[in-house]
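Q: Input: one structure, supplied below.
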Amino acid sequence: MAGKDSTNQFEDVGHSKDARDMAKEYVIGKLQVVSGRTAAAPTSAVSEKKSPACSCNWKEIVCSPTWSNFLIPTTIGIIVFVLYKGVMKVLA
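1 is the number of the first residue of the sequence shown in UniProt numbering; add one for each residue after it.
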C-alpha cells in the first residue's frame, strides 16, 4: 500500500498499544485531501520524528508484552532449574 492511507487496514487488525506507539515512530508524512483526492503533504519525516529513547519510560518497556513474553518463561525456567538442583543434592 505504498503511497496510500492504510489507517483502516491498521485499525481492522486490532493492534496493541505497543504497535500504535511504534507506528508513530515510523510516520513519514501526512496525506492531505485536495479536492476529493489525496496528495502527499510536503512535510519532512525528520522534523516530525521523535526520539525512540524518549518516547516511553522504563515501566512501559518492562511491562510491554514483548518483555513479559520473554521474562516470565525465563524466570520460571530458572526457578525450575534451581529447585531441580536442590532436590538432586538432597537425594544424592
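In this text, a Cβ means the ideal position worked out from N, Cα and C, and glycines have one as well.
Out of curiosity, what's the CA-to-CA distance linking I61 and V87?
A: Position 61 of the sequence shown, counting from 1, holds the residue named residue 61. Position 87 of the sequence shown, counting from 1, holds the residue named residue 87. In a straight line, the C-alpha of I61 is about 36 Å away from that of V87.
Q: Does the segment 64 to 76 touch the segment 16 to 26, meaning 3 or more C-beta pairs lie closer than 8 Å?
A: Touching, yes, given that three or more Cβ pairs across the two stretches are closer than 8 Å.
Q: Consult DSSP for V87 and reduce its assignment to one of helix, strand or coil.
A: Walking along the sequence shown from the start, residue 87 turns up at place 87. Reduced to three states, the DSSP call for V87 is helix.
Q: Put V82 into one of helix, strand or coil per three-state DSSP.
A: Within the sequence shown, the letter at position 82 stands for residue 82. Looking at V82 - three-state DSSP - the assignment turns out to be helix.
Q: Measure the CB-CB distance between L31 and D5 and report whether it falls below 8 Å.
A: In the sequence shown, the residue the question calls residue 31 occupies position 31. In the sequence shown, the residue the question calls residue 5 occupies position 5. Yes; because the gap between Cβ atoms is below 8 Å, this pair is in contact.
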